[in-house]
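Numbers in the working numbering are just positions in the sequence shown, counted from 1, shifted up by 637.
All C-beta atoms, glycine included, are put in the ideal place defined by N, C-alpha and C.
The model shown is predicted, which means the values in this text are computed figures rather than measured ones.
Please read the structure below before turning to the comments.
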Amino acid sequence: SIEEAVVKAEYYLKNEEERKKIAQGGLKKASTEFSYEKRFQEMFRIVGI
């Protein structure tokens, strides 16, 4: 709900370490799971190459 989103936004605005932790986790996941190599592997798998 909108109220829950506001509460979470306020929480993370006040808790810099939590924000950094989440950001670092997202960056790690994005750089390992969404690389060009992974995307091409997935495309080749789908088309049967």
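In this chain, I686 is not harboured by any alpha helix (DSSP H), its DSSP state being neither H nor E. Counting along the chain, no alpha helix (DSSP H) covers S672, and no H or E run does either. Residues of the same chain with their beta carbon placed closer than 7 Å to that of S668 are lacking, with the five preceding and five following residues left out of the count.
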